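S.K.: Chains as they are written, first to last, in this note's numbering: chain D, 2 to 265; chain H, 2 to 265.
Glycine included, C-beta positions come from ideal geometry on N, C-alpha and C.
The structure presented is a predicted model; accordingly, all values stated were derived computationally and were not measured.
Have a look at this one before I ask anything.
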DNA sequence: GGCTTTTAAATCATCATACAATAAAGTTGC
DNA sequence: GCAACTTTATTGTATGATGATTTAAAAGCC
């Protein structure tokens, strides 16, 4: 409202190319929701006002709102308006939603949930992968592992390789539910630990364990694979804990850990 | 259901009330995709033709397609048309998608994946629930359990109570990822075993185990809770296996278990 | 004749406007 | 003062036009 002007439509002078705006508008609105500019429970501006705010026609605004509605972020009722849903209703397993939450994800305290889920799921996935992984998948894992090893002093590349490793691992479980969850795990990995904060020796340990997991898959050793996955996630948990300590130190207010669930 | 002539648009004579059509149109298109009327890889009719087919304006068609696209069912490109995505790209964790797949879900061979996922996730969820469940949640579980017990000879009601039981259980884990997965588990429960096919003694066993789980949660006994969840899912797995045998017996052609993935 | 470039056509993407349906708020009648 | 009616604002849907983009045909060049 106050300082809006989101897109490049600034001065109405230039013809203002508008190819494929909808995706961007959807993301813009979603981001404004995630950033609490439109907090949960509030109703966002009328569609006509949204047209002015985002500089597009009502068609685009509507299509965007319908997409957001289909992912549980908002809920439109005739004559009333479009209200922002409670965060519990959001489809946080949806890849788009996770991307939109992106930087704000830390404020939704779902990183802990994601890590817990990973600790539950990835060992099982590793076990299934030990049974079912194809030679190609094992090769892909090996490649990802090599890339991790070769970029042990490049946090960016390391994280990227780590992400693909876990993506391929979940895929190699040949379980469609686990496969679909990889986007959530991805977000957990990507945003949980801003790569730079993870100590180098932590990366070294991770490389060792990841390598052992690949070897276990080659040998079709289910229990070893499960064990490696467990250890990998212990490392991740430790890093997240470190991260949290840093975070808590940065902002003064200490936060009781579990009281957030009762706020509704 | 199958042959219904999608809407009431048949003869153009009557005024044809059209409030809130979009949701229905979206579901109709989705169903036509799930039923393979528009198989994966094919491109569906032009938007203008879709207007005629479903008897609505292009606005509605577009909004519907955008929603479907946002859930990974289709993918539209300019000039090309809207192509049906491969099933691997579908958001099978999305509640709407699962509902649309509904009766056809058995053909997507994801029931096995869902059961596997449940066996992985629900024991962990039970363990967390033993720590974190509120008194209210335990009471809700108890209610669901009583309803299961009281409708032990009413397959419909039994399944319904079973579904809510597992929904509440996942919710009581206070893990947002698990909570979100309950829709998938729901579909797994609802369609995996057409209630009537499950033998009565199977239900009796289930009632016992569910009751023990509630008790374990009351006592905050994590290992007992996990154990009960395991046993519950062993029962479910057995029922699904029975179901599969029946299914395989019904249609003559015997099917090698894993070859279905290669049919596309 | 074969290859490259240009032009054209088809279809999606967006816009603008209009009408219908709906539910809140205001108004009138008693 | 309350109930029924009317007004009005906003979303839902319909319609047609324009712009953008890619496939494909047509034209030009060697």
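Please classify residue 80/H: does DSSP put it in a helix, a strand, or coil?
M.R.: On the second chain, position 79 is the one that residue 80/H refers to. Of the three classes helix, strand and coil, the one that applies to residue 80/H here is coil, per DSSP.
S.K.: Give the DSSP bridge partners of residue 214/D, in chain order.
M.R.: Here residue 214/D corresponds to residue number 213 of the first chain, with the count starting at 1. Paired residues: none, contrary to the question.
S.K.: Going straight from the alpha carbon of residue 211/H to that of residue 226/H, what length do you get?
M.R.: In the second chain, residue 211/H corresponds to position 210, counting from 1. In the second chain, residue 226/H corresponds to position 225, counting from 1. Their Cα atoms are separated by approximately 10 Å.
S.K.: State the start and end residues of the unbroken alpha helix (DSSP H) segment that holds residue 163/D.
M.R.: For this step, residue 163/D is matched to residue 162 along the first chain. It spans 156-173 - the alpha helix (DSSP H) in which residue 163/D sits, taken as one unbroken run.
S.K.: Please name the residue in 207/H, 71/H, 84/H whose C-alpha comes closest to that of residue 231/H.
M.R.: Residue mapping note: residue 231/H aligns to position 230 of the second chain, counting from 1. Ranking 207/H, 71/H, 84/H by Cα distance to residue 231/H puts 207/H first.
S.K.: Could you round the C-beta distance between residue 49/D and residue 59/D to whole angstroms and report it? I think they count as a contact, below 8 Å.
M.R.: Along the first chain, read from residue 1 onward, the residue named residue 49/D stands at position 48. Along the first chain, read from residue 1 onward, the residue named residue 59/D stands at position 58. Their Cβ separation, rounded to whole angstroms, is 7 Å, which keeps residue 49/D and residue 59/D in contact under 8 Å.
S.K.: Answer yes if the segment 122-140 of chain H comes into contact with the segment 165-176 of chain H, meaning at least three C-beta pairs across the two stretches below 8 Å, and no otherwise.
M.R.: The answer is yes - the segment 122-140 of chain H touches the segment 165-176 of chain H, with three or more Cβ pairs under 8 Å.
S.K.: Any C-beta of chain H sitting closer than 7 Å to the C-beta of residue 118/D?
M.R.: Position 117 of the first chain holds residue 118/D. By this cut-off, residue 118/D is an interface position.
S.K.: Beta carbon of residue 136/D, beta carbon of residue 166/D: below 7 Å?
M.R.: In the first chain, the residue the question calls residue 136/D occupies position 135. In the first chain, the residue the question calls residue 166/D occupies position 165. Cβ atoms of residue 136/D and residue 166/D: not closer than 7 Å.
S.K.: Going along chain H in order, which residues have a C-beta closer than 8 Å to the C-beta of residue 50/D?
M.R.: What you label residue 50/D is simply residue 49 of the first chain in a count that begins at 1. Result: empty, since nearest Cβ-Cβ is about 20 Å, beyond 8 Å.
S.K.: Run down chain H in chain order and give the residues with a C-beta less than 9 Å from the C-beta of residue 183/D.
M.R.: By 1-based counting over the first chain, the position of residue 183/D is 182. Chain H residues near residue 183/D: none, gap ~11 Å exceeds 9 Å.
S.K.: Quick one, are the C-beta atoms of residue 142/D and residue 164/D less than 7 Å apart?
M.R.: On the first chain, residue 142/D is found 141 positions in, with the first residue counted as 1. On the first chain, residue 164/D is found 163 positions in, with the first residue counted as 1. No, the Cβ-Cβ distance between residue 142/D and residue 164/D is not below 7 Å.
S.K.: Excluding the 5 residues flanking residue 92/D on each side, which residues of the same chain have their C-beta closer than 7 Å to its C-beta?
M.R.: If you number the first chain from 1, residue 92/D lands on position 91. So the qualifying residues of the chain are 72, 73, 98.
S.K.: With residue 115/H and residue 185/H assumed to form a contact (beta carbons below 8 Å), what rounded beta-carbon distance in angstroms separates them?
M.R.: Indexing the second chain from 1 puts residue 115/H at position 114. Indexing the second chain from 1 puts residue 185/H at position 184. 6 Å between Cβ atoms; contact.
S.K.: Considering only heavy atoms of the ligand MN, does any lie closer than 6 Å to the CB of residue 153/D?
M.R.: This structure simply doesn't include the ligand MN, nor any ligand for that matter.
S.K.: Residues of the segment 92-107 of chain H in Cβ contact with chain D at a cutoff of 9 Å, in chain order, please.
M.R.: Answer in chain order: 92, 93, 94, 95, 96, 97.
S.K.: Are the beta-carbon atoms belonging to residue 34/D and residue 68/D less than 7 Å from one another?
M.R.: On the first chain, position 33 is the one that residue 34/D refers to. On the first chain, position 67 is the one that residue 68/D refers to. No; because the gap between Cβ atoms is not below 7 Å, this pair is not in contact.
S.K.: Between the alpha carbons of residue 25/H and residue 52/H, how many angstroms are there, rounded?
M.R.: Walking along the second chain from the start, residue 25/H turns up at place 24. Walking along the second chain from the start, residue 52/H turns up at place 51. C-alpha separation (whole angstroms): 14 Å.
S.K.: From residue 107/H to residue 140/H, what does the alpha carbon distance come to, in whole angstroms?
M.R.: In the second chain, counting from the first residue as 1, residue 107/H sits at position 106. In the second chain, counting from the first residue as 1, residue 140/H sits at position 139. Rounded to whole angstroms, residue 107/H to residue 140/H spans 34 Å at the Cα level.
S.K.: Measuring only the C-alpha atoms, how far is residue 105/H from residue 119/D?
M.R.: The residue you call residue 105/H lines up with position 104 of the second chain. The residue you call residue 119/D lines up with position 118 of the first chain. The alpha-carbon atoms of residue 105/H and residue 119/D are separated by roughly 30 Å.
S.K.: Between the beta-carbon of residue 88/D and the beta-carbon of residue 41/D, is there less than 7 Å?
M.R.: Here residue 88/D refers to the residue found at position 87 when the first chain is read from its first residue. Here residue 41/D refers to the residue found at position 40 when the first chain is read from its first residue. Yes, the pair counts as a contact, with Cβ atoms nearer than the cut-off.
S.K.: Would a check of beta-carbon distances place residue 37/D closer than 7 Å to chain H?
M.R.: Taking the first residue of the first chain as 1, we reach residue 37/D at position 36. Not one chain H Cβ lies under 7 Å of residue 37/D.
S.K.: Taking all protein chains shown into account, decide if residue 180/H is buried (16 or more other Cβ within 10 angstroms of its Cβ) or exposed.
M.R.: In the second chain, the residue the question calls residue 180/H occupies position 179. When all chains shown are included, residue 180/H counts as buried.
S.K.: Using the beta-carbon count (16 or more within 10 Å), is residue 124/H buried or exposed?
M.R.: On the second chain, residue 124/H is found 123 positions in, with the first residue counted as 1. Buried, by the Cβ-count rule.
S.K.: How would you write the range of the alpha helix (DSSP H) that residue 132/D sits in, first residue to last?
M.R.: Indexing the first chain from 1 puts residue 132/D at position 131. Start and end: 112-133.
S.K.: Using a C-beta cutoff of 7 Å, does residue 121/D count as contacting chain H?
M.R.: Locating residue 121/D in the first chain gives position 120, counting from the first residue. With 7 Å as the cut-off, residue 121/D counts as an interface residue toward chain H.
S.K.: If we cut at 7 Å on Cβ distances, does residue 137/H have a partner in chain D?
M.R.: Your numbering for residue 137/H matches position 136 in the second chain. Judged by the 7 Å Cβ criterion, residue 137/H is not in contact with chain D.
S.K.: Between residue 170/D and residue 94/H, is the Cβ-Cβ spacing less than 7 Å?
M.R.: For the purposes of this step, residue 170/D is taken as the residue at position 169 of the first chain. For the purposes of this step, residue 94/H is taken as the residue at position 93 of the second chain. Going by C-beta atoms, residue 170/D is not nearer than 7 Å to residue 94/H.
S.K.: Under 7 Å between C-beta atoms, does residue 191/D make it to chain H?
M.R.: Here residue 191/D refers to the residue found at position 190 when the first chain is read from its first residue. Taking Cβ atoms only, chain H never reaches closer than 7 Å to residue 191/D, which makes this a no.
S.K.: Between residue 155/H and residue 200/H, what straight-line distance do the alpha-carbon atoms span, to the nearest angstrom?
M.R.: Taking the first residue of the second chain as position 1, residue 155/H is located at position 154. Taking the first residue of the second chain as position 1, residue 200/H is located at position 199. Going from the Cα of residue 155/H to the Cα of residue 200/H covers about 12 Å.
S.K.: Would DSSP call residue 94/H helix, strand or coil?
M.R.: Position 93 of the second chain, counted from the start, is the residue given in the question as residue 94/H. Residue 94/H: coil per DSSP, three-state reduction.
S.K.: Please check if any C-beta of chain D sits within less than 7 Å of the C-beta of residue 34/H.
M.R.: Here residue 34/H corresponds to residue number 33 of the second chain, with the count starting at 1. Chain D contact via Cβ: absent.
S.K.: Give the single residue among 112/D, 178/D, 22/D whose Cα lies nearest to the Cα of residue 61/D.
M.R.: Within the first chain, residue 61/D is the residue found at index 60, counting from 1. Minimum Cα distance to residue 61/D is reached at 22/D.
S.K.: Do you know offhand how far residue 205/H's Cα is from residue 153/H's?
M.R.: Locating residue 205/H in the second chain gives position 204, where the first residue counts as 1. Locating residue 153/H in the second chain gives position 152, where the first residue counts as 1. Residue 205/H and residue 153/H: Cα-Cα distance of roughly 7 Å.
S.K.: Measuring alpha carbon to alpha carbon, tell me which of 117/D, 147/D, 183/D, 192/D ends up nearest residue 209/D.
M.R.: Sequence index remark: in the first chain, residue 209/D carries index 208 (1-based). The candidate whose alpha carbon is nearest that of residue 209/D is 147/D.
S.K.: Excluding the 5 residues flanking residue 245/H on each side, which residues of the same chain have their C-beta closer than 7 Å to its C-beta?
M.R.: Against the second chain, residue 245/H aligns to sequence position 244. Around residue 245/H: no qualifying Cβ.
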